[in-house]
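As structure tokens, the structure follows; a few thoughts come after it.
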Amino acid sequence: MKRLAGFSALALIVSSTSGCGWLWGENGYFRDRGSDYLDARQTAPMRLPADVQAKRLDPLLPVPAQVASSTATPAEFEVPRPQGLQVRADEREFSLQRSGDSRWVVAQRVPAEVWPLVRQFFEDNGFRIASERPQTGEFITSWQRFDELSTSMARSLSSRVSGVAADAETRVRVRIEPGVQRNTSEVFVTSAVRNAGSSADVDFVAGSGNANLEAALLDEMLVSMARGVEQGGSVSLLAARDYDAPSRVSLSEDGNGNPVLNLGADFDRAWSGVGRSLELGNVRVDDLNRSLGLYYINMAEGAQINEEKPGFFGRMFGSAPSKEEIEARAERYQVRLTPVGDGVQVTVEKDLNTVAPADVSRRVLSLIQDNLG
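When we follow my numbering, the leftmost residue of the sequence shown carries the number 89, and every step to the right adds one.
Structure, rendered in structure tokens:
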């Protein structure tokens with residue numbers, strides 16, 4: 089019945105508008121008003137009574153003194169399109185941040201886009217990658233002397249780094265982490281130095297191994313990354329897929345027999361991974377509260393991925409469900425993330441005080457597990 093009413097309304101609109109100049113013609117209701125401003129005239133300023141004290145106001149949008157006369161301008165003409173903007177890399181896309189003795193680079197890009205830029209910088213300058221873990225955004229270089237690096241890098245480090253013998257060996261650890269703001273990244277560089285000929289595996293310290301060395305690398309990397317973006321960067325699909333994947337994932341039960349998903353990751357990566365898994369699993373996330381570790385899901389609806397609102401005809405012919413229909417079939421639950429030790433536990437609840445049925449919990453947690461990594 090609703091669709092029939094829609095077709096009837098459409099037929100009425102078409103029949104009533106066909107050949108009607110009052111609607112679309114030059115003087116119609118929906119006429120082109122692009123040239124109306126040519127007929128505008130400047131009026132005399134408003135005058136206040138003599139006994140009224142008022143502050144003088146300048147015109148907000150004054151008419152320029154030299155304006156082409158309307159008599160010299162044709163009544164119908166096409167307004168020229170604005171000139172295109174010059175697209176270039178934003179100098180602030182990469183910036184160097186400092187806090188005390190700590191320095192790091194902030195990129196206005198996701199880690200998956202920053203990873204290949206940073207890795208390419210070190211390889212182009214002669215560093216050998218000893219180990220890498222794209223899923224955690226980290227790689228470590230081999231032990232090398234300055235003279236084993238590229239000529240420009242060796243010259244830059246030798247001139248800026250003090251306290252390191254010419255034949256000493258160094259290696260660096262690079263970490264790329266999600267930034268505080270959404271879709272940003274932070275790049276940290278930590279160095280370790282050992283004497284020439286030593287086979288000791290000197291570990292990285294918590295703070296800085298050599299502040300001058302790390303500062304020089306960050307400065308050089310900042311310039312290289314900006315140049316790489318101007319030339320067209322790439323995206324690491326491996327980093328994009330595995331960046332927030334936990335190192336360990338297991339589905340078990342708690343003491344009461346309720347299903348629990350255990351993730352070997354910190355809360356930040358677990359939160360990102362669970363959200364991505366729900367989206368890949370086509371689960372609707374109605375709301376979320378990161379401070380409480382909660383995703384509010386609706387199992388009866390699909391995920392909202394770049395969802396567009398229905399158009400005029402979609403609303404007329406009833407192709408989109410109403411709010412009442414969505415509410416009537418809703419299956420709402422809460423996915424809770426709880427930090428436990430070095431990992432995170434994921435559970436499913438009906439509400440704040442009630443756990444979800446075991447079959448629902450297992451279905452949701454299995455879906456998250458299948459889409460992690």
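Cβ atoms here follow ideal geometry from the backbone N, Cα and C, with glycine treated the same way.
Treat the numbers as computed from the prediction; the structure is a model and nothing was measured.
I'd like to know whether the C-beta atoms of residue 420 and residue 435 end up nearer to each other than 8 Å. Contact flag unset, no.
Taking C-alpha atoms, which residue in 265, 337, 115 lies nearest to residue 227? Comparing Cα-Cα distances from residue 227 to each of 265, 337, 115, the minimum goes to 265.
Would you call the segment 427-446 and the segment 345-365 touching, i.e. three or more CB-CB distances under 8 Å? Below 8 Å, enough C-beta pairs join the segment 427-446 and the segment 345-365 to call them touching: three or more.
Less than 6 Å between C-beta atoms, sequence neighbours within five positions excluded: which residues of the same chain meet that for residue 136? The residues are 142.
What separation, rounded to the nearest whole angstrom, lies between the Cα atoms of residue 347 and residue 452? Residue 347 and residue 452 have their C-alpha atoms roughly 10 Å apart.
Give the straight-line distance between the Cα atoms of residue 387 and residue 413, rounded to the nearest whole angstrom. Answer to the nearest angstrom: the Cα atoms are 14 Å apart.
Contact under 8 Å by Cβ, residue 292 with residue 284: Not closer than 8 Å, so no.
Using a Cβ-Cβ cut-off of 7 Å (strictly less than) and excluding sequence neighbours within five positions of residue 375, which residues of its own chain qualify? Cβ neighbours of residue 375 beyond the five flanking positions: 384.
In chain order, what residues of the same chain have a beta carbon less than 8 Å from the beta carbon of residue 173, not counting five sequence neighbours either side? In this predicted model, residue 173 has a pLDDT of only 43, less than 50, meaning its place in the structure is not dependable enough to derive any value.
Residue burial classification, residue 213 (beta-carbon count within 10 angstroms, cutoff 16): Classification for residue 213: buried.
Quick one, which of 444, 115, 187, 370 has its alpha-carbon nearest residue 458's? Nearest option by C-alpha distance: 370.
According to DSSP, is residue 131 helix, strand or coil? Reduced to three states, the DSSP call for residue 131 is coil.
Quick one: grab the DSSP three-state call for residue 227. Strand.
Does DSSP put residue 365 in a helix, a strand or coil? Helix at residue 365.
Reduced DSSP secondary structure (H/G/I, E/B, other) of residue 444: It is coil, neither helix nor strand.
With distances taken between CB atoms, is the gap from residue 305 to residue 275 smaller than 8 Å? No. Outside cutoff.
Since residue 193 sits in a beta bridge, which residues does DSSP pair it with? As DSSP reads the structure, residue 193 sits in a beta bridge with 184, 275.
State yes or no: is the C-beta of residue 310 within less than 8 Å of the C-beta of residue 193? Yes.
By Cβ distance below 8 Å, which residues in the same chain neighbour residue 441 in space, the five residues on each side in sequence not counted? Nothing listed; no residue qualifies.
Taking just the CA atoms, how far does residue 349 sit from residue 469? Only positions 89 to 461 of the chain appear in the structure, and residue 469 is not among them; the question remains open.
What is the C-beta distance between residue 366 and residue 456, in whole angstroms, given that I count them as a contact (C-beta under 8 Å)? Indeed, because the Cβ distance is near 7 Å, the residues count as touching under 8 Å.
So what does DSSP say about residue 438, is it helix, strand or coil? Here residue 438 sits in strand by DSSP.
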